[in-house]
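Novice: If you're matching them up, the sequences are chains A and B in order. For the first sequence, the residue numbers in this note's numbering are 22 to 214. For the second sequence, the residue numbers in this note's numbering are 22 to 214. Backbone N, C-alpha and C define an ideal beta-carbon position, used for all residues, glycine too. Take this structure, written in structure tokens, and hold onto it; I'll ask about it next.
There are 2 protein chains.
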Amino acid sequence: MPLVVDHDARRRQVAEVTAQLIAKAGIEAVTVREVAQAAGYSTAVVSHYFENKNHLMLHTYRATVLRAHRRMEAALEAGGGDLLDYLAALLPADADRRRDWLVWFAFWTVAVADPVFSTEQRTRARQAVVRLADLLRRRGVGKEAARAGARHLLTLIYGIAVQAAFDPEEWPPHAQIDPIRAELRRVLEESGL
Amino acid sequence: MPLVVDHDARRRQVAEVTAQLIAKAGIEAVTVREVAQAAGYSTAVVSHYFENKNHLMLHTYRATVLRAHRRMEAALEAGGGDLLDYLAALLPADADRRRDWLVWFAFWTVAVADPVFSTEQRTRARQAVVRLADLLRRRGVGKEAARAGARHLLTLIYGIAVQAAFDPEEWPPHAQIDPIRAELRRVLEESGL
Numbered sequence: 022m023p024l025v026v027d028h029d030a031r032r033r034q035v036a037e038v039t040a041q042l043i044a045k046a047g048i049e050a051v052t053v054r055e056v057a058q059a060a061g062y063s064t065a066v067v068s069h070y071f072e073n074k075n076h077l078m079l080h081t082y083r084a085t086v087l088r089a090h091r092r093m094e095a096a097l098e099a100g101g102g103d104l105l106d107y108l109a110a111l112l113p114a115d116a117d118r119r120r121d122w123l124v125w126f127a128f129w130t131v132a133v134a135d136p137v138f139s140t141e142q143r144t145r146a147r148q149a150v151v152r153l154a155d156l157l158r159r160r161g162v163g164k165e166a167a168r169a170g171a172r173h174l175l176t177l178i179y180g181i182a183v184q185a186a187f188d189p190e191e192w193p194p195h196a197q198i199d200p201i202r203a204e205l206r207r208v209l210e211e212s213g214l
Numbered sequence: 022m023p024l025v026v027d028h029d030a031r032r033r034q035v036a037e038v039t040a041q042l043i044a045k046a047g048i049e050a051v052t053v054r055e056v057a058q059a060a061g062y063s064t065a066v067v068s069h070y071f072e073n074k075n076h077l078m079l080h081t082y083r084a085t086v087l088r089a090h091r092r093m094e095a096a097l098e099a100g101g102g103d104l105l106d107y108l109a110a111l112l113p114a115d116a117d118r119r120r121d122w123l124v125w126f127a128f129w130t131v132a133v134a135d136p137v138f139s140t141e142q143r144t145r146a147r148q149a150v151v152r153l154a155d156l157l158r159r160r161g162v163g164k165e166a167a168r169a170g171a172r173h174l175l176t177l178i179y180g181i182a183v184q185a186a187f188d189p190e191e192w193p194p195h196a197q198i199d200p201i202r203a204e205l206r207r208v209l210e211e212s213g214l
């Protein structure tokens, strides 16, 4: 029987290991060699999947964004469509989600000097607004109010995340979610919902 | 006549050059040698002021925070005590202030792995809340409301800054300041002011 290799699973595993290393030490400090070692592969195997460090990094960034996206959509479904569950799933209120934010901070720094990463970052941020505005519209919020509300809610989440990641003492989970709950209520109430 | 060297001015100049280089390429990419070259000194002169790269970086971080602080206080005074002027002076609505935010992003990444930087970051963020809460109290806002309002306003500023720095097209100056104006008005109105 031939050995069947699940290439997608390997790619996912390598991206996961890379994200862990980035969250600990930043992008500059991470090498393909180190990733390979931590994932239990030879450098050649990792290089087979990712042409160079830049490709590996871009893939890792996309994998963390996709993971967060899936987590939010799963929370939305599990909560019967509750938008607060959806938004809460993005907050750095547990170790896993804090890890994602630390990875994103690291990428922002790269994005300053790298147009590929800055385009990626901009696109993902805009997509998040579009998706949330769409969810608000389905709840009955008007078009303009949905867009403004989505922007405001995500702005709050960014603002909370960048503080909470470095100061969990000042920002325990309830301190992260309370302002989001209040703002979501306000957006819905302003539309008479 | 002996040559009089203004050591403080030199330190400031070196920190300024370092901040410019960090904003362009990130902390990892910056070397003491490169800083010296860009500032027009020998590496020995820079090393005379800063024991190592870490010291230079910590000094640069503090210098950018101090600069932003001074800019905000000056805006407050120039605006006759208008808190919106004070807060607007922190938004990345011009090249200079965007530069400061890019430097801070770079330091957040370092702070993940470095307790000295994470303590510094945490302390500065907390001080900003205390100062703003104090200014709100002077405007007549009650103690609890002032603290909550200060936290919320600064959270919005963080959230706006991290998006605006990478997407100036979606976040022109008025899009940055409008939510702050609305929130400040709300904080004051809720206290009957």
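1) Run through DSSP, which three-state label would A57/B get?
2) Residues in its own chain within less than 7 Å of A36/A by CB, not counting five upstream and five downstream?
3) Listing by chain order, which chain A residues have their CB less than 9 Å from the CB of I181/B?
4) Which one of A59/A, A132/A, Q148/A has the shortest CA to CA distance from E191/B?
5) Alpha helix (DSSP H) containing F128/B: first to last residue?
6) Hey, Q184/A and Y179/B are a contact pair by Cβ (cut 8 Å); roughly how many whole angstroms apart?
7) Where in the segment 47–94 of chain B do unbroken runs of the alpha helix (DSSP H), each at least 4 residues long, occur, reported from the N-terminal end onward?
8) Return helix, strand or coil for G163/B, following the three-state DSSP convention.
9) Closer than 7 Å, CB to CB, is D135/A near chain B or not?
10) Kindly indicate which three-state DSSP category V151/B falls into: helix, strand or coil?
11) Would you list, in chain order, the members of the segment 30–46 of chain B that have their beta-carbon closer than 8 Å to a beta-carbon of chain A?
12) Within 7 Å (strictly less), CB to CB, does S212/A reach chain B?
13) Quick check: what's the CA-CA separation for L42/A versus L214/A?
14) If you run the structure through DSSP and keep just helix, strand and coil, what is L24/B?
15) One question on the structure: do G47/B and A166/B come within less than 7 Å of each other, judged by their Cβ atoms?
16) Go ahead and pull the three-state DSSP assignment for D106/B.
17) Please tell me whether G132/B and F138/B are closer than 7 Å, where the distance is taken between their beta carbons.
18) Is it true that the CB of A59/A sits closer than 7 Å to the CB of V38/A?
19) Does the Cβ of E141/A have 16 or more other Cβ atoms within 10 Å, making it buried, or fewer, making it exposed?
20) From the beta carbon of T130/B, is the nearest beta carbon of chain A less than 7 Å away?
21) Between S139/A and chain B, is the shortest Cβ-Cβ distance under 7 Å, so that the two count as touching?
22) Could you spell out the range, first to last residue, of the alpha helix (DSSP H) harbouring D188/A?
Specialist: Result, derived from the coordinates:
1) In the structure shown, A57/B sits in a helix (DSSP, three-state: H, G or I).
2) H80, T81, A84
3) Using a Cβ-Cβ cut-off of 9 Å, I181/B is close to T176, Y179, G180 of chain A, given in chain order.
4) Q148/A
5) Taken as a continuous stretch (DSSP letters only), the alpha helix (DSSP H) holding F128/B covers 116–134.
6) 6 Å
7) The segment 47–94 of chain B contains these whole alpha helix (DSSP H) runs: 53–60, 64–70.
8) Three-state result, G163/B: coil.
9) no
10) helix
11) Hits within the stretch, in order: A44, K45, A46.
12) no
13) 44 Å
14) Residue state, collapsed to three classes: coil.
15) No. Outside cutoff.
16) helix
17) Residue identity differs from the one stated: residue 132/B is Ala in this sequence, not Gly. Yes. Within cutoff.
18) yes
19) buried
20) yes
21) With respect to chain B, the C-beta atom of S139/A has a partner C-beta closer than 7 Å.
22) Premise fails: D188/A is in no alpha helix (DSSP H) and is neither H nor E.
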